[in-house]
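Engineer: One line per chain: the protein sequences are A and B, in this order. For the first sequence, the positions run 33 to 375 when our numbering is used. For the second sequence, the positions run 3 to 120 when our numbering is used. Quick reminder that beta carbons are idealized off the backbone N, C-alpha and C, glycines included. These numbers were taken from a predicted model, which means no experiment stands behind them.
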Amino acid sequence: MSAGRFCPQGARIAGLLLLAAALLSGCAGLPQVDAVRAARDRDQLPRRVELADVPFFPQQEHHCGPAALATVLVASGTAITPEALAEQVYLPGREGSLQVEMLAAARRNGHIAWQLAPSLVDVLREVAAGNPVIVLLNVGLRPMPFWHYAVVIGYDLDKGEVLLRSGDQRRKRVPFAPFDFFWRDSKYWAMLAMPPPRLPATANEAGYGTAVVAVERLGYAAEARQAYEAMLARWPESYLALMGLGNSLHASGRLAAAADAFRRASLAKPTDAAAFNNLAQTLADLGQWREALEPARQAVALGGPLLETSQSTLSAIEREVARLPANKVRKSSKKGEKKARNP
Amino acid sequence: MSRQFMKFVSRLLVLCMLALPFSSHAGMIPTDQIAAAQQQDARGVVTTYLARADVQSELQALGISSDSARDRVAAMTDEEVGRLAGQIQAQPAGAASPWAVAAAVIVIVWALWYFYYR
Chain A
33 MSAGRFCPQG ARIAGLLLLA AALLSGCAGL PQVDAVRAAR DRDQLPRRVE
83 LADVPFFPQQ EHHCGPAALA TVLVASGTAI TPEALAEQVY LPGREGSLQV
133 EMLAAARRNG HIAWQLAPSL VDVLREVAAG NPVIVLLNVG LRPMPFWHYA
183 VVIGYDLDKG EVLLRSGDQR RKRVPFAPFD FFWRDSKYWA MLAMPPPRLP
233 ATANEAGYGT AVVAVERLGY AAEARQAYEA MLARWPESYL ALMGLGNSLH
283 ASGRLAAAAD AFRRASLAKP TDAAAFNNLA QTLADLGQWR EALEPARQAV
333 ALGGPLLETS QSTLSAIERE VARLPANKVR KSSKKGEKKA RNP
Chain B
3 MSRQFMKFVS RLLVLCMLAL PFSSHAGMIP TDQIAAAQQQ DARGVVTTYL
53 ARADVQSELQ ALGISSDSAR DRVAAMTDEE VGRLAGQIQA QPAGAASPWA
103 VAAAVIVIVW ALWYFYYR
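1) Hey, how far is the Cα of A:P150 from the Cα of B:Q89?
2) For A:V159 versus A:Y187, is the C-beta spacing smaller than 8 angstroms?
3) Beta-carbon separation of A:V86 and A:A100 under 8 angstroms?
4) Is B:G88 close to chain A, meaning its C-beta is less than 8 angstroms from at least one C-beta of that chain?
5) So if DSSP puts A:R80 in a beta bridge, which residue, or which two residues, is it bridged to?
6) In the stretch 50–77 of chain B, which residues sit with their C-beta less than 8 angstroms from some C-beta in chain A, listed in chain order?
7) Taking the alpha carbon of A:L156 as the point to measure from, which residue in A:A265, A:I112, A:V194 and A:V353 has its own alpha carbon closest?
8) Could you check how far apart the C-beta atoms of A:P228 and A:I166 are, in whole angstroms? I think they sit under 8 angstroms.
9) Thinking just about the alpha-carbon of each residue, which of A:A116, A:S129 and A:D66 is nearest to the one in B:L61?
10) Anything in chain B within Cβ reach of A:M275, meaning under 7 angstroms, just list it in chain order.
11) So A:T345 contacts chain B; which residues on that side make the cut at Cβ distance below 8 angstroms?
12) Look at the alpha carbon of A:L281 and the alpha carbon of A:T341, and state the distance between them as a whole number of angstroms.
13) Quick check: A:N170 and A:D217, are their CB atoms within less than 8 angstroms of each other?
14) Quick one, are the C-beta atoms of A:A209 and A:L152 less than 8 angstroms apart?
15) Taking only the alpha-carbon atoms, compute the straight-line gap between B:I66 and A:G251 and give it to the nearest angstrom.
16) Whole angstroms are fine: how far does the CA of A:Q313 sit from the CA of B:M30?
17) Do the CB positions of A:R197 and A:T103 come within less than 8 angstroms of each other?
18) Say yes only if the C-beta of B:M78 is nearer than 7 angstroms to one or more non-hydrogen atoms of the ligand SAH, and no if none qualify.
19) Which chain A residues sit within Cβ distance under 8 angstroms of B:V109?
20) Would the beta-carbon of A:Q120 fall within 8 angstroms of that of A:L168?
21) According to the neighbour-count rule (16 or more other Cβ atoms, all chains shown, within 10 Å of its Cβ), is A:T345 buried or exposed?
22) Answer yes or no: does any C-beta atom of chain B fall closer than 8 angstroms to that of A:K371?
23) Comparing the C-beta of B:R45 with each C-beta of chain A, is any distance below 8 angstroms?
24) Using CA atoms only, rank isn't needed, just tell me which of B:D34, B:A63, B:L86 and B:K9 is closest to A:P124.
25) From the DSSP output, in three-state form, read off A:G128 for me.
26) In angstroms with no decimal places, state the Cα-to-Cα distance between A:G58 and A:F88.
27) At what residue ranges does the stretch 255–332 of chain A contain a whole run of the alpha helix (DSSP H), taking only runs of 4 or more?
28) Mind listing the chain A neighbours of B:R85? Cutoff is C-beta to C-beta under 9 angstroms, in chain order.
29) Is A:Y181 helix, strand or coil when you go by DSSP?
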């Protein structure tokens, strides 16, 4: 037994575990399953969904992580193989893949890594919206965990089961109760890899915005901008999305559009200095020094942890305004079409 | 000791060099400064930087090449790096040893026997 075969054996012992789960579920309540039944009774979910087009990658030894990731990435139209993903997530010393690296690898491929709330209803909502969900299961026991990534590709509320792409099984049906039992030890961990501009059905503004920033940091500027725009379609007042969009437009040189986004941001959250500071700086970059003065002063007046930046923006603008030819500067000067001289 | 010290100093220098372009970035406040309490003080920046170096060397110790480990750590957020630093062995990984499987099977068979026949 030099090389352990992980997931195929997991599948074989799963049958035994189903019995054990049935025994145990008799004593413990299953809040996740109850929540799904409640959602079913309130007609909040389609009765039956199967994402039959989601591809299947039978997993190699220990490689359920790369296989699960390839399943969702290829399903969303990315050309990638489990072998290429093993290079990004598989950890030889652990003979497996870490959750953090599964999220990080989704990002490396230009997808937004979205970790779901620990809720079966949320997983089913995503599947109903057409998004296959990666889940981390413990198919062993709590003291002897046996971790396994699988992809939820469907469910049937009337039969009470989920459908998985798992290990070497293309279409594995698991009833809700044992699924809850296997899933519980990972604290109901589930993730999506979502290419912008598509938004997860269960996304919330703050969490999704943070996930977009993480992808943008890796250099996916175009994807990030699409994601911010998608956020604004769902949350038109989102401060984070407006700031992200403004910064992204500024970085690509579309200054007038950037100024517009920052102006909207400053209206959406008039208590935060960042929108005013960035609006002032963008107007300054456009050469509209006089218009830049007001927001720059506003940013300094609001203070906050980034006061230093606001102050240096303001003093740079004040220096330029003082150098303008017709030196009739009032606090709220309306005129300012004149282009500034080169600095 | 001197080697350790040199390592520390060079890390700090790299950090300062890294921080330089951001601090003078045309007066703009970047989006990650706005998102979810990302506003770190100087100590937080250093801690995160050192945590990244730790996670990278831990990944290397677990059989990843240094280039690959660097790319993999770069794709993690500060929060994820903080969660992983010093904790990689304690994290679930999608696999287990064959002995654990064998032991799990034995325990389950025993449990079934216990519940059905006792």
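Structural biologist: Reading from the atomic positions:
1) A straight-line Cα-Cα distance of about 22 angstroms links A:P150 and B:Q89.
2) For A:V159 and A:Y187, yes; Cβs fall inside 8 angstroms.
3) With contacts defined by Cβ atoms closer than 8 angstroms, A:V86 and A:A100 do not form a contacting pair.
4) For B:G88, no Cβ of chain A is located within less than 8 angstroms of the residue's own Cβ.
5) Its beta-bridge partners are A:D188.
6) Cβ proximity to chain A below 8 angstroms picks out L61, A63, L64, G65, I66, S70, D73, R74, A76 and A77 from the stretch 50–77 of chain B.
7) Considering only alpha carbons, the answer is A:V194.
8) Wrong, their Cβ atoms sit about 18 angstroms apart, outside the cutoff.
9) Per the Cα distances, A:S129.
10) Against A:M275, the close residues of chain B are T33 and I36, in the order they occur along the chain (beta-carbon pairs closer than 7 angstroms).
11) Against chain B, a Cβ distance below 8 angstroms from A:T345 picks out G29.
12) Distance from the CA of A:L281 to the CA of A:T341, rounded to the nearest whole angstrom, comes to 20 angstroms.
13) Result yes, Cβ atoms of A:N170 and A:D217 sit closer than 8 angstroms.
14) Note that the C-beta distance between A:A209 and A:L152 is not below 8 angstroms.
15) Roughly 23 angstroms between the two C-alpha positions.
16) If you take the alpha carbons of B:M30 and A:Q313, they lie about 7 angstroms apart.
17) Result yes, Cβ atoms of A:R197 and A:T103 sit closer than 8 angstroms.
18) This structure does not include the ligand SAH; it has no bound ligands of any sort.
19) Under the 8 angstroms cutoff, chain A gives L173 and M176.
20) For A:Q120 and A:L168, no; Cβs fall outside 8 angstroms.
21) Here A:T345 is buried, its C-beta having at least 16 other C-beta atoms within 10 Å.
22) In this predicted model, A:K371 has a pLDDT of only 45, less than 50, meaning its place in the structure is not dependable enough to derive any value.
23) Not an interface residue.
24) Taking the Cα of A:P124 as reference, the smallest distance to any Cα among B:D34, B:A63, B:L86 and B:K9 is reached at B:A63.
25) Secondary structure of A:G128 (DSSP, three-state): strand.
26) Unreliable positioning characterises A:G58 in this predicted model, as indicated by a pLDDT of 49, which lies under 50. The coordinate reading is nonetheless provided below. So the alpha carbons of these two residues sit roughly 34 angstroms apart.
27) For the stretch 255–332 of chain A, whole alpha helix (DSSP H) runs of length 4 or above, ordered along the chain, are 271–283, 287–300 and 305–317.
28) Those within 9 angstroms of B:R85 in chain A are V132.
29) It is a strand residue.
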